[in-house]
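Before any comments, here is the structure.
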Amino acid sequence: MDSIAKTLSKAIITNWLRIILGVMSLETFLILWSLYSGWLHGDWIFSNRPLSTSAEFLPYPWDVLSAFAQSFTVRDPVSNLYMTSHMYASLKRIFFGFVLAFCLAVPLGLLMGRSKNADAVGKPILELFRPIPPLAWAPLFLIALKFFWGPIAIVFLGVFFPILLNVILGAKSVDPMLIDAARALGARRRDVFAKVVLPSTLPYIMTGVTVGLGVGWMCIVAAEMLGAVGGGVGYYIYNMVYQAGMYDKVYAGMAVIGLLSVLTTGVAALFERRLTRWMGMK
Amino acid sequence: MDGNEVTISLRHLCKSFTKNRGFVQALDDFNLDVNQGEFVCLLGPSGCGKTTVLRIVAGLESASGGEVIVGGKKVASAGPDRGMVFQEFALFPWRTVRKNIEFGLEVKGVPEGERSRISSKLIELVGLKGFEDAHPKELSGGMKQRVGIARALANEPAVLLMDEPFGSLDAQTRNLMQKELLRIWSATGKTILFVTHSVDEAVFLADRIVVMTARPGKVREAMVVGLPRPRDRTSREFIEVRGKVLTELDEEFEKARAKELSPD
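Those protein sequence lines, which keep their order, are chains A and B.
So the first sequence is residues 1 to 282, counted in our numbering.
So the second sequence is residues 283 to 546, counted in our numbering.
This is the structure in structure tokens:
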């Protein structure tokens with residue numbers, strides 16, 4: 001009993017240490033930020049220093065926090081929208097781009113992963129377009145596809161390749177022994193596909209989804225900065241810099257993007273873990 | 283059906299392929315008849331093509347020449363009339379024990395109620411009661427292979443093809459599984475073609491041991507074991523038979539080794 005109590009308390013101590021270290025790390029970051037900001041602004045101990053011209057670029061953390069909170073209750077001065085509207089606009093683009101990419105990349109990946117001929121046809125095209133960053137297409141897409149489909153197409157490209165590559169990898173790494181086993185049990189081609197290849201590939205699909213969503217968020221912010229109709233968090237950030245010069249709101253927008261990205265990829269990762277555990281694979 | 287009806291008939295089986303730009307003659311005029319309900323072990327030095335024989339019978343590989351007749355029908359591709367048990371178990375990791383066993387029935391379109399009736403019976407037979415809903419990763423090697431055997435039996439195949447099924451198990455589990463297999467065999471009366479490289483295992487299990495030559499593989503000798511069951515590994519008769527088989531096999535091992543040292 002005594003030893004159990006000892007190991008338990010030891011575990012708590014080591015964990016607490018980690019928690020405290022983590023909190024301290026964040027705290028130190030905020031203090032340094034505040035100090036640097038104070039130095040630029042010529043506040044507190046730096047009060048004999050004049051206000052720097054670049055002071056407005058680095059507001060205090062608490063100003064960012066209040067700008068963040070305010071963006072949900074007060075309409076922004078440029079597009080006259082609440083932050084929730086911007087979030088909705090960005091999420092909508094991510095959603096459409098993602099769904100399109102998913103629906104195309106999964107069957108295509110399965111096909112290329114399982115058929116050498118399909119791979120021979122698809123691979124040159126894939127290798128031709130894969131090295132081009134999705135954002136290189138952004139200006140062209142925006143002008144050619146206009147402001148509804150343009151950003152969606154950019155997100156599509158960003159999400160498409162990570163999913164496709166993961167699905168190809170997954171479909172290629174199906175254990176041939178399992179396919180033999182299925183065939184010996186009387187499975188026809190489509191049974192093998194539905195009951196062996198697809199379930200084997202599911203974890204890879206989910207990895208592709210998680211990675212793809214991360215890339216998708218990067219793409220949407222940049223795409224919206226090039227111009228957007230009906231708002232968007234990237235559009236908001238851009239306007240707060242170039243139209244309003246309200247830098248605390250810029251940081252607030254960045255925080256919103258970060259949170260949204262973490263949220264969506266987090267949900268995908270959670271789903272992935274649940275799925276693989278439910279399937280008994282990990 | 284009388285006990286001497288031939289269930290598996292292999293006629294002039296040949297298999298050659300190219301590997302690393304070299305031509306390999308794996309099998310050369312391999313002939314074998316296995317009777318209904320018989321337990322035959324294929325024994326031979328590694329690389330002699332015993333697994334190839336099994337895979338051809340299963341229909342997972344095609345022969346370059348000759349023919350395979352199982353239950354009076356010529357084998358052209360894989361089919362549920364031949365159950366296969368793999369050394370690496372080859373269980374579907376995302377399926378529970380029950381769902382693994384029901385795979386063949388699902389594919390065949392057997393209705394759900396019937397499926398679970400059959401799988402319950404098999405779970406009972408192979409001694410997996412209480413593990414119906416476990417996933418393969420939760421099972422020990424011996425239990426995994428119990429699932430493998432039950433899964434192969436679910437289709438009610440005429441023959442059971444076993445490719446070193448206990449090769450990856452520890453010695454204790456292996457001995458236990460051999461006894462279990464004999465129990466299942468006598469309960470089901472299946473014809474079994476069993477590949478192994480263990481002389482001890484072959485003598486313990488088989489009605490007849492087929493010793494293969496080194497590559498290209500053909501039948502060197504087929505020996506009837508003739509010991510009553512249950513067999514006692516420490517008995518004089520058992521050791522005698524084992525000695526005889528070992529002598530045969532050793533010569534082939536030597537040939538295989540000599541060939542390895544001086545490739546043509």
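All residues carry an ideal CB built from backbone N, CA and C; glycine is no exception.
From a predicted model like this one, the values you see are computed outputs, not experimental measurements.
Where residue i sits in the DSSP three-state scheme
i	result
residue 83 (chain A)	helix
residue 103 (chain A)	helix
residue 558 (chain B)	Chain B is shown only over 283 to 546; residue 558 (chain B) falls outside these bounds and no answer can be derived.
residue 18 (chain A)	helix
residue 369 (chain B)	coil
residue 307 (chain B)	strand
residue 500 (chain B)	coil
residue 330 (chain B)	coil
residue 240 (chain A)	helix
residue 246 (chain A)	coil
residue 317 (chain B)	strand
residue 49 (chain A)	coil
residue 506 (chain B)	strand
residue 148 (chain A)	helix
residue 75 (chain A)	coil
residue 413 (chain B)	coil
residue 283 (chain B)	With a pLDDT of 44 at residue 283 (chain B), under the threshold of 50, the modelled position of that residue is not reliable, and the figure given next carries that caveat. Of the three classes helix, strand and coil, the one that applies to residue 283 (chain B) here is coil, per DSSP.
residue 167 (chain A)	helix
Nearest to residue i (by Cα), restricted to the options the options
i	options	result
residue 389 (chain B)	A:182, A:274, A:45, A:247	A:182
residue 522 (chain B)	B:454, B:468, B:486, B:437	B:486
residue 477 (chain B)	B:502, B:337, B:428, B:457	B:337
residue 353 (chain B)	B:291, B:517, B:414	B:291
residue 471 (chain B)	B:507, B:442, B:497	B:442
residue 339 (chain B)	B:327, B:329, B:365	B:365
residue 251 (chain A)	A:233, A:159, A:265	A:233
residue 162 (chain A)	A:133, A:146, A:138, A:144	A:133
residue 229 (chain A)	A:29, A:39, A:42, A:151	A:151
residue 95 (chain A)	A:199, A:76, A:272, A:261	A:261
residue 115 (chain A)	A:130, A:249, A:174, A:271	A:174
residue 38 (chain A)	A:196, A:62, A:158	A:62
residue 452 (chain B)	B:303, B:475, B:463, B:423	B:423
residue 540 (chain B)	B:309, B:327, B:511, B:426	B:327
residue 426 (chain B)	B:297, B:377, B:508, B:399	B:377
residue 279 (chain A)	A:16, A:35, A:195, A:154	A:195
residue 496 (chain B)	B:533, B:346, B:368, B:450	B:533
residue 201 (chain A)	A:155, A:107, A:131	A:107
Same chain, Cβ closer than 8 Å to residue i, five either side skipped, listed in chain order
i	result
residue 283 (chain B)	Low confidence applies here, because residue 283 (chain B) scores a pLDDT of 44, under 50, leaving its location unreliable; read the following figure in that light. Answer for residue 283 (chain B): 318, listed in chain order.
residue 429 (chain B)	371, 373, 379, 382, 383, 408, 410, 418, 421
residue 49 (chain A)	39, 42
residue 169 (chain A)	113, 204
residue 542 (chain B)	none
residue 54 (chain A)	40
Opposing strand residues paired with residue i [DSSP bridges]
i	result
residue 193 (chain A)	Answer is none; residue 193 (chain A) lacks a bridge partner.
residue 511 (chain B)	Beta-bridge pairing links residue 511 (chain B) to no other residue.
residue 349 (chain B)	B:293
residue 323 (chain B)	B:476, B:491
residue 301 (chain B)	B:304
residue 254 (chain A)	For residue 254 (chain A), which the question treats as bridged, DSSP gives no partner whatsoever.
residue 288 (chain B)	B:317
residue 364 (chain B)	B:441
residue 312 (chain B)	B:295
residue 356 (chain B)	B:351
Residues near residue i by beta carbon distance below 6 Å, same chain, minus five either side
i	result
residue 56 (chain A)	247
residue 351 (chain B)	291
residue 111 (chain A)	118
residue 225 (chain A)	234, 238
Pair within 8 Å by beta-carbon distance, residue i and residue j
i	j	result
residue 433 (chain B)	residue 466 (chain B)	no
residue 488 (chain B)	residue 323 (chain B)	yes
residue 184 (chain A)	residue 538 (chain B)	no
residue 275 (chain A)	residue 218 (chain A)	no
residue 436 (chain B)	residue 391 (chain B)	no
residue 349 (chain B)	residue 356 (chain B)	yes
residue 439 (chain B)	residue 363 (chain B)	yes
residue 315 (chain B)	residue 294 (chain B)	no
residue 492 (chain B)	residue 527 (chain B)	no
residue 98 (chain A)	residue 213 (chain A)	yes
residue 344 (chain B)	residue 298 (chain B)	no
residue 127 (chain A)	residue 210 (chain A)	no
residue 369 (chain B)	residue 449 (chain B)	yes
Residues of its chain near residue i, where Cβ-Cβ distance is below 7 Å and the 5 sequence neighbours each way are ignored
i	result
residue 263 (chain A)	none
residue 85 (chain A)	231
residue 400 (chain B)	387, 436
residue 191 (chain A)	182
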